[in-house]
Amino acid sequence: MASRAGSAAASPEGLGVALAQARPIPLEADFAAAPGEVLALVGPSGSGKSSVLRCIAGLARPTRGRVHIDGTAWLDTEAGIDIPPHRRAVGMVFQSYALFPHLSALANVAAALSHLAAATRRSRAAELLALVHLEGLEERRPAALSGGQQQRVAVARALARDPAVLLLDEPFSAVDKATRQRLYRELAAMRQRLAMPVVLVTHDLDEALMLADRLCLLHHGRTLQTGRPIEVINHPASVQAARLVGQQNLFAATVVEHRPDRGLTLLDWHDRVIEAAPAPAFAPGARVAWMIPPAKVVLHRRDRPSRGEAENPVPGTVIRHLVLGDSTLTTMAVCGADDLALTFTVPVHVAERNRLAVGAGVTVSLLAAAIHVMPADFRGLD
Amino acid sequence: MDWQALWLSLRLGLVTVALLLPLGVWAARRLAHHRMRAKGLIEALIALPLVLPPTVVGYYLLVAFGNASPLGGLWQAVFGHPLAFTFDGLVVASVIINLPFAIQPMVRAFEAIPAEVREAAACCGMTPWQALWRVELPLAWPGVLTAMVLSFAHTIGEFGVMLMVGGNVPGETATVSIAIYDRVQAFDSAAAGRMSALLLAFSLATMALTYGFSRRIGRRLA
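Structure follows, in structure tokens:
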């Protein structure tokens with residue numbers, strides 16, 4: 001813990017967080033966020049995302065831990081430092097927005113402006129409401145605003161304090177899909193102007209992909225992996241992380257050999273040798289896990305064979321076929337190994353042209369560069 | 001009409017409410033917002049005067065007010081006069097028997113404020129004191145006002161406990177409800193009738209106000 005906490009506190013710029021506790025919910029979190037960076041805390045319900053955010057804001061106190069911002073300690077349990085929330089410069093957008101129901105939109109924002117002279121508060125609050133496109137609604141109470149409008153008041157109020165860190169607790173979960181898409185675009189546009197670190201709590205990977213610079217994967221209160229969202233999703237560090245980011249094509253195999261000349265590692269997968277992205281960390285003969293994103297499983301066309309078909313061809317039979325709007329999600333049982341199921345996705349027109357249906361025989365190619373090898377630790381997984 | 005008794009009752013009611021307001025807000029916020037192991041026991045103790053016979057409450061208060069008890073002895077030492085059969089004794093008794101009327105509506109009102117709204121106040125930079133004045137009390141005031149009105153009305157109407165701890169000392173402890181009893185005993189039903197009618201009208205107005213405010217709490221947080 002001490003060394004981990006040290007790593008988070010080492011960078012004087014931005015936010016450093018290291019938390020540990022056993023109760024009421026277990027936490028073992030360690031991450032940092034640079035100024036202007038959006039860090040998405042992602043995990044399933046009950047993974048401790050909100051608890052981490054509350055510890056940063058000072059609304060909850062972990063048994064042990066440190067929270068540093070730009071070199072200043074907000075929390076350091078070893079040194080006995082615990083700055084109360086009203087003295088931490090945080091901007092927090094709550095999941096329920098938590099607007100003050102008795103105050104107008106303008107007064108809600110002005111309530112966070114006590115650091116300014118009383119005379120300038122109204123004009124600054126109006127400016128902030130204009131920033132979130134709420135001109136003309138200043139005098140409305142929260143009950144008279146739509147969900148999306150309430151969310152914008154909450155964002156304006158969170159920014160009013162000139163916070164050193166902006167905390168967003170599932171801020172898009174309570175609005176309809178169309179509003180959400182619009183709010184995504186607005187936040188993406190606004191974040192160019194935000195100089196402070198932003199921590200976004202979400203359980204939605206697409207949201208993290210769209211808005212975050214980095215993604216921090218949280219499970220049972222532990223930070224499993226931190227990295228660029230696309231990196232974490234396509235190259236999870238463990239089987240557990242792969243499951244959490246929704247990877248379905250997860251299998252066990254044995255390393256055959258490394259072929260640096262071809263930039264490949266060869267795996268023995270149920271007596272089938274497949275080519276994978278280089279994984280020199282694993283010795284030949286080692287048991288490993290591997291995964292491939294559904295989009296990197298390429299369906300062979302019935303009418304016209306193409307060039308990529310020499311790459312890891314796998315024949316099988318379709319056992320499930322779902323149409324999801326513009327694309328389909330298809331699962332096939334691998335020939336000769338019925339318990340192995342490969343899931344892939346193709347556009348609907350491709351599925352139709354190739355007459356994909358349950359029971360149909362198909363062949364797919366597994367793109368070698370997308371096959372990611374991980375330690376074979378399947379323990380503790382459902 | 002016994003104006004002296006009426007004035008005494010009003011004075012007692014106002015002093016009781018003035019003491020119960022800060023005490024009640026403090027206790028109600030603690031009960032509403034903090035997890036306490038003994039919460040059930042504390043709430044039961046506060047509610048006790050609702051179910052005990054006034055004579056039982058009065059008897060124990062009288063014992064506690066006596067110069068032989070720590071409270072009574074301390075009061076005598078500090079203020080130079082006893083608690084029993086004095087206006088001060090009535091005030092102490094009145095505060096205790098009004099705890100349920102003051103605290104229960106306030107607890108409900110503070111409980112109705114979502115935890116996230118209180119936390120948002122802190123995240124906006126408000127000190128706990130500022131959060132109380134600018135967020136919690138503006139949201140809870142119908143409940144607080146209801147509590148004050150109920151306590152005031154109940155103080156004016158209380159009879160048994162007042163008679164037990166105060167006796168019937170004119171100008172000191174003889175409240176209007178005791179004066180009515182006194183008039184009936186003296187076969188002066190005209191005076192008893194006038195004072196009873198006054199208390200009836202007063203109580204009706206109080207309850208009407210209280211129910212009106214209770215409805216407002218729900219509307220404000222909707």
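Order-wise, the sequence lines are chains R and P.
Just so you know, the first sequence maps onto residues 1 to 382 in my numbering.
Just so you know, the second sequence maps onto residues 1 to 222 in my numbering.
The beta carbon of each residue, even a glycine, is placed where N, CA and C say it ideally should be.
By the C-beta density criterion, P:Asp2 is buried, having at least 16 other C-beta atoms within 10 angstroms. Proximity of chain R to P:Thr127 at the Cβ level (cut-off 8 Å) is accounted for by His86, in chain order. Setting aside the 5 residues that flank it on each side, P:Arg29 is surrounded in the same chain by Phe110, each with a C-beta closer than 7 Å to its C-beta; the list follows chain order. In this structure, DSSP gives P:Phe101 a helical state, which the three-state scheme calls helix. For R:Leu267, the closest C-alpha among the options R:Arg243, R:Ala376 and R:His68 is that of R:Ala376. For the 9 Å CB-CB criterion, P:His154 and P:Ile96 do not form a contact. For R:Val175, no chain P residue has a C-beta closer than 7 Å to its own C-beta; the minimum C-beta separation is roughly 17 Å. In this structure the region 69-86 of chain P does not touch the region 109-127 of chain P; the number of beta carbon pairs closer than 8 Å is below three.
Interface annotation, P:Pro142: not in contact with chain R, CB-CB separation never under 9 Å.
Under the 8 Å Cβ criterion, the region 51-71 of chain R counts as touching the region 9-27 of chain R, having at least three qualifying pairs.
Judged by DSSP in its simplified three-state form, R:Val38 adopts strand. Separation of R:Pro62 and P:Gly143 (C-alpha to C-alpha, rounded to the nearest whole angstrom) is 35 Å. Under the three-state reduction of DSSP output, R:Ser96 falls in the coil class, being neither helix nor strand. Looking at the DSSP output, R:Ala18 bridges to R:Asp30 and R:Arg66. Excluding the 5 residues flanking it on each side, P:Ser196 has same chain C-beta neighbours closer than 8 Å at Ile180, in chain order.
Contact annotation: in the region 20-32 of chain R, no residue has its CB less than 8 Å from a CB in chain P. Ranked by Cα distance from R:Leu194, the options R:Val255, R:Leu131 and R:Arg243 are led by R:Leu131.
With respect to the C-alpha of R:Asp261, the residue from R:Ile81, R:Pro229, R:Glu275 and R:Leu106 having the closest C-alpha is R:Glu275.
Proximity to R:Val318 across R:Asn312, R:Glu311, R:Asp326 and R:Val334 peaks at R:Val334, based on C-alpha coordinates. Any Cβ of chain P closer than 9 Å to the Cβ of R:Val350 would place that residue at the interface, and such an atom is absent.
Burial check for R:Ala60: the Cβ neighbour count within 10 Å reaches 16 or more, so the residue is buried. In terms of Cα proximity to P:Ala102, the closest of P:Gln185, P:Tyr211, P:Phe152 and P:Leu12 is P:Phe152. Judged by DSSP in its simplified three-state form, R:His86 adopts helix.
Looking only at P:Gly157, P:Cys123 and P:Gly72, the smallest Cα-Cα distance to P:Ala201 is reached by P:Gly157.
Here DSSP, grouped into helix, strand and coil, assigns R:His372 to strand. Taken in chain order, the unbroken stretches of alpha helix (DSSP H) that lie wholly in the region 44-84 of chain P and span 4 residues or more are 54-65 and 70-79.
At a cut-off of 9 Å between C-beta atoms, P:Arg11 does not count as an interface residue with respect to chain R. Taken in chain order, the whole beta strand (DSSP E) runs of length 3 or more contained in the region 207-256 of chain R are 214-219 and 222-227. Contacts between P:Val25 and chain R, judged by CB atoms closer than 9 Å, are missing: the closest CB pair is about 17 Å apart. R:Leu356 carries a coil assignment under DSSP once its states are collapsed to helix, strand and coil. Against chain P, a Cβ distance below 8 Å from R:Val90 picks out Cys123. Beta bridge pairing from DSSP links R:His321 with R:Thr330. Annotation for P:Asp182: the continuous alpha helix (DSSP H) segment containing it runs Val176 to Gln185. Each residue's CA atom was taken as its position, placing R:Pro44 and R:Ala237 some 17 Å apart. By the Cβ criterion, the region 209-216 of chain R is in contact with the region 34-51 of chain R, since at least three pairs of Cβ atoms, one from each stretch, lie closer than 8 Å. Contact of R:Arg161 with chain P is assigned, a C-beta pair being separated by under 9 Å.
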